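In my numbering, the protein residues as written are 62 to 231.
C-beta: ideal position from N, C-alpha, C; glycine also.
These figures come from a predicted structure and were not determined experimentally.
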């Protein structure tokens, strides 16, 4: 295992020092997800938590069924993540299953369809699917922040961030 080799070589003290997008926690029966920034809107955080939970449940179910797991290279995933962070939902994303560019909305829609059984199982489907549709229609928080700064200035950006961070989840 790659993480064991890093620990025994002394490069890291323990697996807790690994900065991976997701990993199994060694101390609790959980999966730690570090793939996204802190969200300014509570409902965006709820959406991402629901997606993470459904993804873990779906992968566990598929593993128990003996289904093959896609194994894109770490380099491919890092590059796709870098591209997505810079272009958001307004541009193309890389489909992780085909390694081909696709419209961001198509990639998100495929992900939601893949996760829907897990979302239904947890009771999260209605809320998460609605929030994902809103994200695709309205854009990401980063899109809105850039627009506010460019069109109305720093004070407008601060006002928007303050309002978002104080608003309850819808």
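Every unbroken alpha helix (DSSP H) inside the region 115-154 [4 residues or more]: Taken in chain order, the unbroken stretches of alpha helix (DSSP H) that lie wholly in the region 115-154 and span 4 residues or more are 135-148.
Inter-residue Cα distance where the pair is residue 86 and residue 120: Between the C-alpha atoms of residue 86 and residue 120 there is a straight-line separation of about 16 Å.
DSSP three-state assignment for residue 199, whether helix, strand or coil: In this structure, residue 199 counts as helix in the three-state DSSP scheme.
Beta-bridge pairing of residue 163 - partner residues as DSSP gives them: The bridge partners DSSP lists for residue 163 are 154.
Contacting residues, own chain, Cβ-Cβ under 6 Å from residue 179 (five flanking each side not counted): Cβ neighbours of residue 179 beyond the five flanking positions: 115, 118 and 119.
CB contact flag (residue 105, residue 193, <8 Å): No, they are not a contact pair.
Nearest to residue 188 (by Cα), restricted to the options 161, 108 and 67: With distances taken between CA atoms, residue 188 lies nearest to 108 out of 161, 108 and 67.
Cβ-based neighbour list, residue 175, same chain, cut-off 8 Å, excluding 5 preceding and 5 following: Cβ neighbours of residue 175 beyond the five flanking positions: 119.
Beta strand (DSSP E) segment containing residue 83, residue limits: Residue range 83-85 is occupied by the beta strand (DSSP E) that includes residue 83.
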